[in-house]
Amino acid sequence: MESVNRIKIEFSSLPANVSFARVAAGAFATQLDFTLNDIEELKVAVSEAVTNSIIHGYQNDPGKTIELSAEIRCETLVLAVEDRGIGIDDIEKALQPAYSTDPERMGLGFAFMQSFSDSLDVQSLPGKGTRVIMTKACRKEATPRQGH
Amino acid sequence: MDIHIEVKEKTLLVRLTGEIDLAVADTLRKSLEQELDSNHLIINLIINLTGVTYIDSSGLGVILGRYRRVSKYGGRVFIVGACAQVRKVLDLSGLLNIMKECPSEASALDLAV
Chain F
1 MESVNRIKIE
11 FSSLPANVSF
21 ARVAAGAFAT
31 QLDFTLNDIE
41 ELKVAVSEAV
51 TNSIIHGYQN
61 DPGKTIELSA
71 EIRCETLVLA
81 VEDRGIGIDD
91 IEKALQPAYS
101 TDPERMGLGF
111 AFMQSFSDSL
121 DVQSLPGKGT
131 RVIMTKACRK
141 EATPRQGH
Chain Y
149 MDIHIEVKEK
159 TLLVRLTGEI
169 DLAVADTLRK
179 SLEQELDSNH
189 LIINLIINLT
199 GVTYIDSSGL
209 GVILGRYRRV
219 SKYGGRVFIV
229 GACAQVRKVL
239 DLSGLLNIMK
249 ECPSEASALD
259 LAV
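Top line first, the protein sequences correspond to chains F and Y. Each residue of the first sequence is one higher than the last, beginning at 1 in the numbering used here. Each residue of the second sequence is one higher than the last, beginning at 149 in the numbering used here.
Put into structure tokens, the structure is as follows:
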């Protein structure tokens, strides 16, 4: 039977928890044979998703809750970040690089999530919230067989 | 994150250490704005990232905002000392296309005259 490992963490929508979320996701990801570079990229992707939830989903309201879940299945890491905030009206537009509603922000959050994962799925309903799901497969380098 | 700021003639030299994300972006933004507001002779910005171990779009947004401010008056922004991971994020964002990356503070100061 296929072994599955999963975690689920809920935390307050505070900026200080962005680093907590990425470190937690990074630590969980080390159970697969990812490179350090892969782990660093995953941490950026998670940070961007959590930052989006705080800034956009909850409009910087610190009293809300964000859920981070992660699952390892078939050498693939599945990460999900979910909020119950205002949601996204136009997901296609939000996914465009450099699209931002804030002049002090680069609008690159989703671009980083896309670049640093194998797949990105954004599910959102205005007024209900947003769930971002990212996957990354662990691609082990082929190890040369030792001769006998 | 720690911020160390020095003024070298018309250039603001900013040395950053630690992780730059949403939690510290506002502090960094306010510190830089305060320096730029208090000294109108400053036209260039050198950002030394040697001690930065992590940056994401929140930190990049602060850098871009200051780039927009100084470039309005013909100023330039120089990036120094980005480690591989930080450099990758900078590169992917396109910031390295509009800012000059220098191998050292000295070389950046030479260009920022």
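All C-beta atoms in this analysis are idealised placements derived from N, C-alpha and C, irrespective of residue type, glycine included. It should be emphasised that the depicted structure is a prediction, and the values quoted were computed from it without experimental measurement.
Check                                                                                                                                                                                             : Outcome
Residues of chain Y with CB under 7 Å from GLU75(F), in chain order?                                                                                                                              : Here the premise fails: no neighbours, minimum Cβ distance about 23 Å.
In its own chain, which residues sit with a C-beta less than 7 Å from the C-beta of ALA137(F), not counting the 5 before and 5 after it?                                                          : GLU75, THR76, ASP118
Would you say GLU253(Y) and ILE194(Y) are within 8 Å of each other, going by their C-beta atoms?                                                                                                  : yes
In the DSSP assignment, what are the bridge partners of CYS250(Y)?                                                                                                                                : VAL228(Y)
Check distances from the C-beta atoms of the region 237 to 257 of chain Y to those of chain F and list, in chain order, the residues that come in under 7 Å.                                      : VAL237, LEU240, SER241
Assess contact between the region 240 to 254 of chain Y and the region 204 to 213 of chain Y, defined as three or more Cβ pairs (one per stretch) separated by less than 8 Å. Is contact present? : yes
Quick check on the DSSP output: what are the complete beta strand (DSSP E) runs of length 3 or more inside the region 154 to 237 of chain Y, in order along the chain?                            : 159 to 168, 192 to 203, 225 to 228
Which residues of the region 181 to 214 of chain Y have a Cβ closer than 8 Å to any Cβ of chain F? Give them in chain order.                                                                      : TYR202, ASP204, SER205, SER206, LEU208, GLY209, VAL210, LEU212, GLY213
Going by DSSP in three states, ARG139(F) sits in which element: helix, strand or coil?                                                                                                            : coil
Pick out whichever of THR30(F), PRO15(F), ILE39(F) has its Cα sitting closest to the Cα of GLN233(Y).                                                                                             : ILE39(F)
Please work out which residues of its chain come closer than 6 Å, Cβ to Cβ, to ALA94(F), disregarding the five sequence neighbours upstream and downstream, and give them in chain order.         : ILE88
Is ILE54(F) helix, strand or coil by DSSP?                                                                                                                                                        : helix
Which of the three DSSP states is assigned to LYS128(F) in this structure?                                                                                                                        : coil
What does the alpha-carbon distance come out to for the pair VAL78(F) and LYS8(F)?                                                                                                                : 12 Å
Short of 7 Å Cβ to Cβ, which residues in the region 12 to 26 of chain F face chain Y?                                                                                                             : PRO15, ALA16, VAL18, SER19
Determine the direct distance from the alpha carbon of ALA49(F) to that of ALA21(F), and round the result to whole angstroms.                                                                     : 10 Å
Give the range of the beta strand (DSSP E) segment to which ARG84(F) is assigned.                                                                                                                 : From DSSP, ARG84(F) is part of no beta strand (DSSP E); its letter is neither H nor E.
Taking the alpha-carbon of ASN192(Y) as reference, which of ILE203(Y), PHE226(Y), GLU167(Y) has the nearest alpha-carbon?                                                                         : PHE226(Y)
Could you pull out every residue in the same chain whose Cβ sits closer than 8 Å to the Cβ of VAL4(F), ignoring the five residues on either side in sequence?                                     : GLU71, ILE72, ARG73
Since I believe SER179(Y) is in contact with ILE151(Y) (beta carbons under 8 Å), could you give me their beta-carbon distance rounded to a whole number of angstroms?                             : 5 Å
Kindly identify the DSSP beta-bridge partner or partners of ALA70(F).                                                                                                                             : ILE7(F), LEU79(F)
Shortest alpha-carbon distance to ARG131(F) belongs to which of PRO15(F), ILE91(F), ALA25(F), GLN59(F)?                                                                                           : ILE91(F)
Would you identify the three-state DSSP class for GLN114(F), choosing helix, strand or coil?                                                                                                      : helix
Please report whether the beta-carbon of PHE112(F) lies at a distance below 8 Å from any beta-carbon of chain Y.                                                                                  : yes
So who's on the other strand from THR30(F), going by DSSP bridges?                                                                                                                                : Partner(s): none; THR30(F) has no beta bridge.
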